[in-house]
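This report concerns only the one structure given below.
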Amino acid sequence: MPRPPDSVWAHFRRDDTQRRAICKFCHHNMVGLVNRMRVHLGKRCPDCPPSVRLEMLSMDSDGAKKAAVMANGGGGATFLASLDPTSSYKLHSSSTMMNDSAKSKKRKGVFPEHGNSVLSPLDKQDVQSLVARAIFGAGLAVSVIEDPSFARLIKRVAPSIPLSTSLTLTQLDAEFHDLQAQVLSDLNDMASVCVGIESWSFLHNRSVLSCMVYTPQPAMFCLDATREYAHTTTTLFQRMESFVLSIGLDKVSTVVSDVVTSPNMKDATDLLLTKYPHLTVLPSCAHAFDAMMTELLELPVFHSLYTVCTRVSAYFSRNHLHKARFARVAHELNIEDPANATQHAAAASGTTTATTSSSCFFGLVDIPDGHSKPPPTSILACLWAMERYRHVFDVLLAEDFGALDSLDLSLRDQLSNLAWWSSVVQFKTMFAPFVDVLETLESGDFTSLATFYHKFTLLWTHLQSFPVQLSPDVTRIVSKHWATMRHPAMYTAYLLDPRFSPSSLGNDEMNEALTFLKHLSSPALFANLISELTRYTGRCAGVFADDAVWESAKQGSPLQWWKGFLGSSCPHLQTVALRVLCFPASAGISRAKRAKVDAMQIANDKILNEDQAMKAAYVYLNLNLSTTSSDDLGANGANKLGTSNGASLCI
Numbered sequence: 001m002p003r004p005p006d007s008v009w010a011h012f013r014r015d016d017t018q019r020r021a022i023c024k025f026c027h028h029n030m031v032g033l034v035n036r037m038r039v040h041l042g043k044r045c046p047d048c049p050p051s052v053r054l055e056m057l058s059m060d061s062d063g064a065k066k067a068a069v070m071a072n073g074g075g076g077a078t079f080l081a082s083l084d085p086t087s088s089y090k091l092h093s094s095s096t097m098m099n100d101s102a103k104s105k106k107r108k109g110v111f112p113e114h115g116n117s118v119l120s121p122l123d124k125q126d127v128q129s130l131v132a133r134a135i136f137g138a139g140l141a142v143s144v145i146e147d148p149s150f151a152r153l154i155k156r157v158a159p160s161i162p163l164s165t166s167l168t169l170t171q172l173d174a175e176f177h178d179l180q181a182q183v184l185s186d187l188n189d190m191a192s193v194c195v196g197i198e199s200w201s202f203l204h205n206r207s208v209l210s211c212m213v214y215t216p217q218p219a220m221f222c223l224d225a226t227r228e229y230a231h232t233t234t235t236l237f238q239r240m241e242s243f244v245l246s247i248g249l250d251k252v253s254t255v256v257s258d259v260v261t262s263p264n265m266k267d268a269t270d271l272l273l274t275k276y277p278h279l280t281v282l283p284s285c286a287h288a289f290d291a292m293m294t295e296l297l298e299l300p301v302f303h304s305l306y307t308v309c310t311r312v313s314a315y316f317s318r319n320h321l322h323k324a325r326f327a328r329v330a331h332e333l334n335i336e337d338p339a340n341a342t343q344h345a346a347a348a349s350g351t352t353t354a355t356t357s358s359s360c361f362f363g364l365v366d367i368p369d370g371h372s373k374p375p376p377t378s379i380l381a382c383l384w385a386m387e388r389y390r391h392v393f394d395v396l397l398a399e400d401f402g403a404l405d406s407l408d409l410s411l412r413d414q415l416s417n418l419a420w421w422s423s424v425v426q427f428k429t430m431f432a433p434f435v436d437v438l439e440t441l442e443s444g445d446f447t448s449l450a451t452f453y454h455k456f457t458l459l460w461t462h463l464q465s466f467p468v469q470l471s472p473d474v475t476r477i478v479s480k481h482w483a484t485m486r487h488p489a490m491y492t493a494y495l496l497d498p499r500f501s502p503s504s505l506g507n508d509e510m511n512e513a514l515t516f517l518k519h520l521s522s523p524a525l526f527a528n529l530i531s532e533l534t535r536y537t538g539r540c541a542g543v544f545a546d547d548a549v550w551e552s553a554k555q556g557s558p559l560q561w562w563k564g565f566l567g568s569s570c571p572h573l574q575t576v577a578l579r580v581l582c583f584p585a586s587a588g589i590s591r592a593k594r595a596k597v598d599a600m601q602i603a604n605d606k607i608l609n610e611d612q613a614m615k616a617a618y619v620y621l622n623l624n625l626s627t628t629s630s631d632d633l634g635a636n637g638a639n640k641l642g643t644s645n646g647a648s649l650c651i
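Numbering of the sequence shown is given in the UniProt record's numbering, commencing with residue 1 and proceeding in unit increments.
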C-alpha cells in the first residue's frame with residue numbers, strides 16, 4: 001500500500017511532467033523533495049502566509065526553536081541567543097563557508113525577509129499609489145513603469161506588487177480624485193476664496209482654461225481642455241461661470257484674470273461682473289508686466305541691441321566646433337561652468353534643463369528665426385549672458401583662425417566696439433529692477449499684490465534717477481501699462497502687509513485703500529474696522545506698540561503673522577487682512593511649471609488620451625505647487641525687499 005503524501009504537498013502542485021513541485025503562493029518551480037519544499041515555505045517564499053511558515057519551521061528541531069521565538073515576538077538576535085554554544089559555532093562556521101563560496105559565484109537575487117515582503121492588500125495598494133504619485137509628481141513619462149531597470153527595482157523592494165502601465169493609469173484616476181477631494185475640503189474651510197483664471201495652450205496648440213484657488217496656499221482647482229472650442233467671449237464666460245458656481249457663489253469673492261492683454265477675457269470678465277456684481281475683478285499683473293516688457297524691448301535702441309545678441313547666440317548654439325572653442329576659452333578664464341549657465345537660462349526662459357540644453361549654450365539662448373516671439377525673459381537672459389562672457393569674446397576675436405572667423409563681419413565689428421559694450425552695460429543697469437520683478441513673479445507659486453507693488457515702486461524710483469536721454473520712452477510705456485495694472489486692492493494689500501510702512505503710501509493711494517476697505521466690510525462694522533486700522537498704522541497702542549511684534553513680521557509670511565499674533569486684538573481688521581493678502585499678482589502658474597507640463601504632454605502623447613493628460617497635469621501641479629512663496633521670506637529675504645541695486649540679479 002503506497003505511503004500517503006506529506007502534508008507539505010497541500011501547498012504545492014505538480015507540474016505537467018509530474019516530477020517537479022510548483023508553490024501555490026509564489027509559483028516557484030522546484031524539485032519535489034519534501035525537505036526542500038519545507039525549507040522553501042519556511043525561509044524563502046515571499047508570499048507564504050505566516051501561519052504556514054511557522055508550521056514548516058516547527059517540523060525540525062532547530063526550526064522549532066526559531067518558530068517559538070518568532071511566535072513570541074522575538075527577532076533573529078533572540079533566536080541566536082537561544083542556541084547552545086556548539087550549535088552557534090556550527091551555524092557561524094557554515095555561514096562563513098557559504099559566504100566564501102558565494103564570492104566565486106554569480107550573485108542571485110535574494111528577496112527581503114518575509115517580514116518585509118508579506119504585504120496586506122491595503123499595503124500593496126499604498127505602494128502602488130506611492131509609485132504612481134512619484135511618477136506623475138516628478139513629471140515622468142508613464143512608460144518608465146515598463147523600463148527593465150525600474151521593474152527590477154520594484155521587484156527587489158516589493159516583489160509581490162504587480163505594476164503595469166494599465167495599473168498605473170488606474171492609479172492616476174485614484175490620485176486625481178484624492179487630490180480633487182483634498183482641494184474641495186480646503187475650500188470648505190474657507191469663508192472667502194480668490195480665484196485665478198487663465199487661458200493658455202500646450203505646445204500642440206491644445207487650448208486649456210485653468211482655474212487656480214488660493215486657500216491661502218495656491219491649488220489647481222480645474223484644468224479644462226476646451227478641445228475644438230475656441231476661447232471666444234461666450235465660451236470663456238460659460239466656463240468661468242461654471243468654475244465660480246462649482247466652488248460656491250457665496251465663497252468666491254475675487255476673480256483674477258488677464259483683462260489687460262486678452263480682449264476676449266476682458267469681455268467675458270465684464271459679463272461675469274454684470275451678472276454677479278458682488279465679485280471683485282483684479283488684473284493679472286504678471287501678464288500685464290510681460291506685455292510691458294515686450295513693448296519696451298521693441299524700442300529701436302533696445303531692439304537693435306538684442307538682435308546682435310540673438311544672432312551671436314545662434315552662431316554658437318548651432319555649430320559644435322564653435323561651441324568647443326567657446327567652452328575652451330571660458331574654462332581657461334574660469335568664468336562659469338556650462339551646467340550652471342544652462343540652469344540660469346532655463347530658469348529665465350521657463351524651460352526645463354533638458355529642453356534648454358539643445359537651444360542654450362553657456363546661457364546664450366538660441367531664439368530660432370520664424371518662430372513665435374520669444375518671452376522677455378529669454379531675451380534678457382541672452383543679453384545678461386553676452387555681458388557675462390565679454391572677455392571670452394575678446395579672446396576669440398584676438399585668436400588667429402578662431403571661432404569668430406566665420407561670423408558675419410558686421411557682428412564682429414559690434415563685438416570689437418567698446419561703445420557697443422557700453423550700451424550693453426547701460427541696458428543691463430537700466431533693466432536690473434525689471435528683471436528683479438520678473439524673478440519675483442517666477443520665484444514661487446504665489447506672489448502677493450503687496451510684494452508686486454513694492455517691487456514696482458523700487459523700479460519706478462530707479463527709472464526716475466536714470467539719464468534723461470534714455471528714459472522718456474521707457475517712462476511713457478511704463479506709465480501706460482501701470483495704469484492698466486493699478487487697483488485699490490493693491491494699495492490695500494500694501495497697507496496691511498506688516499513688512500512695509502503705511503507712510504510709504506501717498507494720500508490718493510491711502511484714500512483708495514480706505515474706499516476698498518469700505519467695500520469689503522459692512523456699514524455696521526466699518527467703524528470698528530477703521531478704529532483697528534488706526535491702532536495698526538499708528539503702532540503706538542496695545543500689541544502694536546511692541547517692537548518684537550513688528551520684528552517678527554520679517555521672519556515669515558504676512559499671512560502667518562496675522563493668524564498667529566493679532567487674533568484677539570483686531571478681529572475685524574484681521575479678517576480683511578487675511579482676505580486681501582491672498583490676492584495674487586498672477587492669474588496662473590509660472591512659466592517654468594507650464595514648460596514642465598508641456599514636456600509631460602509630449603512624453604505621454606502616445607500613451608494618454610486627452611482626459612488622462614489633463615488628469616496627469618492636474619496631479620503634477622497640485623503635488624508641486626509649493627507651500628512657500630515669494631512672500632515667505634526669512635530675515636535675509638525681508639531685508640532684500642528693501643534693496644534696489646539689483647546686485648543679486650543673475651539670470
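The beta carbon of each residue, even a glycine, is placed where N, CA and C say it ideally should be. None of these values were measured; they are calculated from a predicted model.
Asked	Found
Inter-residue spacing [alpha-carbon to alpha-carbon] between Val435 and Leu380	8 Å
Proximal residues to Ser522 (C-beta, below 8 Å), its chain only, five neighbours per side dropped	none
Same chain, Cβ closer than 8 Å to Gln18, neighbours up to 5 away in sequence not counted	none
Per-residue burial, Lys593 [other beta carbons within 10 Å of its own, 16 or more giving buried]	buried
Inter-residue spacing [alpha-carbon to alpha-carbon] between His177 and Leu33	50 Å
Coil, strand or helix - Glu332 by DSSP	helix
Extent of the continuous alpha helix (DSSP H) to which Val424 belongs	Leu418 to Ser443
Alpha carbon of Asn528 to alpha carbon of Ser504, nearest angstrom	24 Å
Coil, strand or helix - Cys382 by DSSP	helix
3 or more residues per run - each beta strand (DSSP E) lying fully within the UniProt domain "BED-type" (3 to 52)	12 to 14, 20 to 23 and 29 to 31
Residue range of the alpha helix (DSSP H) that includes Thr534	Pro523 to Gly538
Gly564 (DSSP reduced to helix, strand or coil)	helix
Start-to-end residues for the beta strand (DSSP E) that takes in Met212	Ser207 to Tyr214
Touch test, the segment 269 to 278 against the segment 302 to 309, Cβ-Cβ under 8 Å, three pairs minimum	no
Candidates Tyr389, Val208 and Cys211, of which the one nearest Ile335 by Cα	Tyr389
Residues bridged to Leu223 [DSSP beta-bridge criterion]	Ser210
Three-state secondary structure assigned by DSSP to Cys194	strand
The segment 565 to 584 / the segment 510 to 526 touching (three or more Cβ pairs under 8 Å)	yes
Inter-residue Cα distance where the pair is Ser210 and Ala288	18 Å
Contacts around Val52, its chain only, beta-carbon distance under 7 Å, and the 5 residues preceding and following it disregarded	His11 and Leu41
C-beta atoms of Pro219 and Val193 nearer than 8 Å	Here residue 219 is Ala; the residue named in the question, Pro, does not match the sequence. The answer is no: Cβ separation not under 8 Å.
Bridge partner(s) assigned by DSSP for Val252	Val193
Proximity winner among Tyr229, Met510 and Pro216, relative to Arg206 (alpha-carbon distances)	Tyr229
Environment of Ser7 [buried if 16+ CB atoms lie within 10 Å]	exposed
Rounded separation between Leu495 and Asn511 - CA only	11 Å
Assigned secondary structure, Ser104 (DSSP; H/G/I helix, E/B strand, else coil)	Only weak support is given to the placement of Ser104: the predicted model assigns it a pLDDT of 45, under 50, and the question is left unresolved by the model.
Extent of the continuous beta strand (DSSP E) to which Leu282 belongs	Thr280 to Pro283
Euclidean distance between Cα positions of Ala225 and Gln128	28 Å
DSSP-derived helix/strand/coil call for Ser406	coil
Status (buried if at least 16 other CB within 10 Å, exposed otherwise) for Gln414	buried
Assigned exposure category for Pro584 - 16 Cβ within 10 Å defines buried	buried
Neighbour-count burial assignment, Arg591, 16 or more Cβ in a 10 Å radius	buried
Assigned exposure category for Ile602 - 16 Cβ within 10 Å defines buried	exposed
DSSP beta-bridge partners of Pro218	Tyr214
Coarse secondary structure for Pro374, derived from DSSP in three states	coil
Beta-bridge partners of Ser586, as assigned by DSSP	Bridge partners of Ser586: none, in fact.
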